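Heads up, the working numbering is the position in the sequence shown plus 166, with the first residue counted as 1.
The beta carbon of each residue, even a glycine, is placed where N, CA and C say it ideally should be.
The model shown is predicted, which means the values in this text are computed figures rather than measured ones.
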Amino acid sequence: MSTIPWLGPNDPFPDPRSQPDPDPEVPGLLAVSERIYSGQLERAYRSGIFPWYSDHQPVLWWSPDPRMTLNPANLKISQSLRKTIRSTLDDPSLTLRVDHDFSGVMRACATTERPGQDGTWITHEIMDAYTALHEQGHAHCITLEQNQQAIGGLYCVSFGGMVFGESMFSRVRDSSKLALAALCAWCYD
């Protein structure tokens, strides 16, 4: 087992392509830092690295291999979801919004209860860092609203031609799936 590097504010990330896992017990864990420093999140994403940790932990930086990828053109939409999409398009109480209330979408992702999951990785520090990316035009959200109330959505990060899905929430059946289908359509254009 090698030592997992501890990063300071200006330290470069290890190259995930040329670096074996420092700890085979935790595949994909690449580095650790005290906090997310300014500019560090952008450098991480551009290198295929992302933060994932819980409150009261140091920031854990990951680059798992293999990594799930989705070509938007290859998204398979089930017959039942197609029906839901058609009925959604005909429902005047439903609105799909892009980049509206980014912080609210992050809060909804953080507070939505998930079976078998205790707590959230979306800490206040994560919210601040991703909100800064949003203000720079690199983080986006898609929200499905019913009567101006968010019922589902997601947020993502975008650099160059890559979009990284981060988290989603659903308060009404299939609402996060509709947001994902909308994200794929947005990426495909």
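Are A298 and I288 close, meaning C-beta to C-beta below 7 Å?
-> Counting from 1 along the sequence shown, the entry for residue 298 is found at position 132. Counting from 1 along the sequence shown, the entry for residue 288 is found at position 122. No, they are not a contact pair.
What separation, rounded to the nearest whole angstrom, lies between the Cα atoms of R209 and D256?
-> Reading the sequence shown from its first residue, position 43 is the one you call residue 209. Reading the sequence shown from its first residue, position 90 is the one you call residue 256. C-alpha separation (whole angstroms): 42 Å.
Name the one or two DSSP bridge partners that P217 has.
-> On the sequence shown, residue 217 is found 51 positions in, with the first residue counted as 1. Partner(s): W227.
Where the beta strand (DSSP E) through A197 begins and ends | Counting from 1 along the sequence shown, the entry for residue 197 is found at position 31. For A197, the enclosing beta strand (DSSP E) starts and ends at L195 to S199.
Hey, could you find the ends of the beta strand (DSSP E) I308 is sitting in?
-> For the purposes of this step, residue 308 is identified with residue 142 of the sequence shown, where counting begins at 1. Membership of I308 in the beta strand (DSSP E) is indicated by the continuous run A305 to Q312.
N- and C-terminal bounds of the beta strand (DSSP E) containing A295 = Here residue 295 corresponds to residue number 129 of the sequence shown, with the count starting at 1. No beta strand (DSSP E) contains A295, which is instead part of the alpha helix (DSSP H) from H290 to E301.
Can you tell me which of the three DSSP states L207 falls into?
-> Here residue 207 refers to the residue found at position 41 of the sequence shown. Note: L207 maps to helix in three-state DSSP.
Among residues of its own chain, excluding the 5 on either side of A197, which ones have a beta-carbon nearer than 7 Å to its beta-carbon?
-> Locating residue 197 in the sequence shown gives position 31, counting from the first residue. Closer than 7 Å at Cβ, skipping near neighbours: I170, P171, L173, F179, P180 and W227.
Going by DSSP, what residues sit across from M234 in a beta bridge?
-> To locate residue 234, count along the sequence shown from 1; it is residue 68. Secondary-structure assignment with DSSP links M234 through no beta bridge to anything.
What three-state label does DSSP hand G318 in the structure shown?
-> Here residue 318 refers to the residue found at position 152 of the sequence shown. Reduced to three states, the DSSP call for G318 is strand.
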